[in-house]
Amino acid sequence: MLNLIAFDADDTLWHHERYFKLTEAKFRELLRPYAEPHHLSEHLLAAERRNIAHYGFGVKGFVLSMIETAVDVTDGRVAGSVIGQLLDAGRDMLRHPIEPLPHVEATLDALSGQYRLILITKGDLFDQERKLALSGLRDRFEAVEIVSEKDEATYRRLLLKHGTTPETAMMIGNSMTSDVLPPLAAGAFAVHVPSEHVWALDQHDDAIDNPRFFRITNLSQLPALVAGLG
Ligand SMILES: [Mg+2]
Numbered sequence: 362m363l364n365l366i367a368f369d370a371d372d373t374l375w376h377h378e379r380y381f382k383l384t385e386a387k388f389r390e391l392l393r394p395y396a397e398p399h400h401l402s403e404h405l406l407a408a409e410r411r412n413i414a415h416y417g418f419g420v421k422g423f424v425l426s427m428i429e430t431a432v433d434v435t436d437g438r439v440a441g442s443v444i445g446q447l448l449d450a451g452r453d454m455l456r457h458p459i460e461p462l463p464h465v466e467a468t469l470d471a472l473s474g475q476y477r478l479i480l481i482t483k484g485d486l487f488d489q490e491r492k493l494a495l496s497g498l499r500d501r502f503e504a505v506e507i508v509s510e511k512d513e514a515t516y517r518r519l520l521l522k523h524g525t526t527p528e529t530a531m532m533i534g535n536s537m538t539s540d541v542l543p544p545l546a547a548g549a550f551a552v553h554v555p556s557e558h559v560w561a562l563d564q565h566d567d568a569i570d571n572p573r574f575f576r577i578t579n580l581s582q583l584p585a586l587v588a589g590l591g
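Under the numbering used here, the first residue of the sequence shown carries the number 362, and numbering increases by one thereafter.
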């Protein structure tokens, strides 16, 4: 029997990736005198991939990867004013408004009382706390976990910590690599809710053959899906 439902936050409860896409467009514009746009995007993605292990997930690591790329593609000649504008763009990202995505509040209301609801998110601690506070959703969850990595071991540890087993838990999120595959591997249910924008390092197109895997187009479909599990 299902007992606990865990939600991802970024691009599941509120917009996130769109701000990275907007900032990357600004980055390509600023560096246009130095390099081709597609070359810049490739370079930036390679920097992000290299730096994840050092900086973790979030805005600060993204800004450092933009600066690193700017220095690399210009052989160190990038103007200080450009670096300043990249830092400004990063600060803007840390101030962007937060509004719950459609159906979020109604879905959480429909499920609360019947199931224990928790939030599991990764990213910069300070930024995740800021977004959660601004979202107005904090009180809908009995617990919030901000972690540095969402892998199978993390899910096993968190579910144990919250007094449940993977077999009676479900994870909901927009990322196949963070919110679906690891909880499935741990033995939990997992529901994929695709988001408008997908981070290149989160792309995953393989078919999933697992009776505990579900995909819905938006969160309004979740209460019926959960009720159907019996
Ligand atoms: Mg997400």
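Cβ coordinates follow ideal geometry from the N, Cα and C atoms, glycine included.
Of the choices the options, whose alpha-carbon is the least far from that of residue i?
i, options, result
"A367", "L520, L405, A514 and N579", "L520"
"L545", "E490, W560, P572 and L580", "P572"
"E490", "L478, V508 and G474", "V508"
"D566", "M537, L480 and A494", "M537"
"L495", "R518, I459 and D453", "I459"
"L462", "V541, D369 and R452", "D369"
"Q436", "T529, E385 and L392", "Residue identity differs from the one stated: residue 436 is Asp in this sequence, not Gln. The candidate whose alpha carbon is nearest that of D436 is L392."
"R411", "F550, A585, A471 and L425", "L425"
"A568", "V541, A549, E466 and S556", "V541"
"I479", "L455, M532, F574 and S556", "M532"
"A549", "T515, Q582 and Q564", "T515"
"W375", "E390, R477 and K492", "K492"
Given a threshold of 16 other Cβ atoms within 10 Å of its Cβ, counted over all protein chains shown, does residue i qualify as buried or as exposed?
i, result
"V432", "exposed"
"K483", "buried"
"M362", "exposed"
If you measure from the CB of residue i, is any heavy atom of ligand 1 nearer than 6 Å?
i, result
"T526", "no"
"S536", "yes"
"D372", "yes"
"D369", "yes"
If we call anything under 7 Å between Cβ atoms a contact, is residue i one with residue j?
i, j, result
"T430", "G534", "no"
"A450", "K387", "yes"
"L469", "R501", "yes"
"N364", "T578", "no"
"S539", "K511", "yes"
"A551", "L406", "no"
"Y380", "H457", "yes"
Hey, residue i and residue j are a contact pair by Cβ (cut 8 Å); roughly how many whole angstroms apart?
i, j, result
"D371", "K421", "Contact flag wrong, Cβ pair sits at about 15 Å."
"E506", "P543", "With 8 Å as the limit, E506 and P543 do not qualify as a contact, their Cβ atoms being about 14 Å apart."
"E409", "F423", "7 Å"
"E385", "H558", "Rounded, the Cβ-Cβ distance is 11 Å, inconsistent with contact."
"L401", "V434", "7 Å"
"D488", "G419", "6 Å"
Quick check: does the Cβ of residue i come within less than 6 Å of any heavy atom belonging to ligand 3?
i, result
"V587", "The ligand content of the structure shown is limited to ligand 1, which means ligand 3 is not among them."
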